[in-house]
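*Asks:* The structure's right below; bear with me while I get my questions together.
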Amino acid sequence: MQQIVKTYLRELPIGAIGYIVGYDKVFKGYQGKLLSMGLTPGTQFILIRQASKNWPILLEVEENLIRLSKPEADALCVEEVD
Numbered sequence: 004m005q006q007i008v009k010t011y012l013r014e015l016p017i018g019a020i021g022y023i024v025g026y027d028k029v030f031k032g033y034q035g036k037l038l039s040m041g042l043t044p045g046t047q048f049i050l051i052r053q054a055s056k057n058w059p060i061l062l063e064v065e066e067n068l069i070r071l072s073k074p075e076a077d078a079l080c081v082e083e084v085d
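Listed below in structure tokens is the structure:
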């Protein structure tokens with residue numbers, strides 16, 4: 004039986020290029036908000052900044068910068084491009 008391994012933004016290094024594969028923990032309307040930001044499955048991104056104590060996660064998507072709170076970022080399942 005093959006186990007599905009999920010990868011989250013917090014696991015990627017700064018500067019990583021990846022794409023969105025789906026959503027996890029889609030509660031409190033996060034999926035709708037992420038979809039409205041254009042973060043749909045297949046969307047490619049560059050991780051600009053990881054979350055720290057008071058700073059959000061920052062992604063570059065199609066030449067736009069998108070800020071995500073930690074709960075929003077934790078709702079995204081991603082895959083890093085090698």
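Numbers 4 to 85, taken from the working numbering, label the letters of the sequence shown in order.
Ideal placement from N, C-alpha and C gives every residue a C-beta, glycine not left out.
These numbers were taken from a predicted model, which means no experiment stands behind them.
Alpha carbon to alpha carbon, how far is L68 from L15? Give it in angstroms, no decimals.
*Replies:* Looking up residue 15 in the sequence shown gives position 12. Looking up residue 68 in the sequence shown gives position 65. About 17 Å.
*Asks:* Going by the CB atoms, is the gap between I17 and R52 shorter than 8 Å?
*Replies:* Along the sequence shown, one-based indexing puts residue 52 at 49. Along the sequence shown, one-based indexing puts residue 17 at 14. Contact flag set, yes.
*Asks:* Apart from the five residues just before and just after Y26, which ones in its own chain have a Cβ nearer than 6 Å to its Cβ?
*Replies:* As a first step, residue 26 is located in the sequence shown; it is residue number 23 there, counting from the start. Answer for Y26: Q34, A78, listed in chain order.
*Asks:* Out of L50, L37, N57, G45, which one is the CA nearest neighbour of E75?
*Replies:* Looking up residue 75 in the sequence shown gives position 72. Per the Cα distances, L37.
*Asks:* Keeping to the same chain, check which residues put their C-beta closer than 7 Å to that of K28; ignore five residues upstream and five downstream.
*Replies:* Taking the sequence shown and counting its residues from 1, one reaches residue 28 at position 25. Counting only Cβ-Cβ distances below 7 Å, and skipping sequence neighbours, we find D77, A78.
*Asks:* In three-state terms, what does DSSP make of Y33?
*Replies:* Residue 33 sits at position 30 when you count from the first residue of the sequence shown. Residue state, collapsed to three classes: helix.
*Asks:* Would G41 be called buried (16 or more neighbouring beta carbons within 10 Å of its own) or exposed?
*Replies:* Here residue 41 refers to the residue found at position 38 of the sequence shown. It is exposed - the Cβ of G41 has fewer than 16 other Cβ atoms within 10 Å.
*Asks:* Does the distance from the CB of E63 to the CB of T10 come in under 8 Å?
*Replies:* One-based indexing of the sequence shown puts residue 63 at position 60. One-based indexing of the sequence shown puts residue 10 at position 7. It is not a contact, given that the beta carbons lie outside the stated cut-off.
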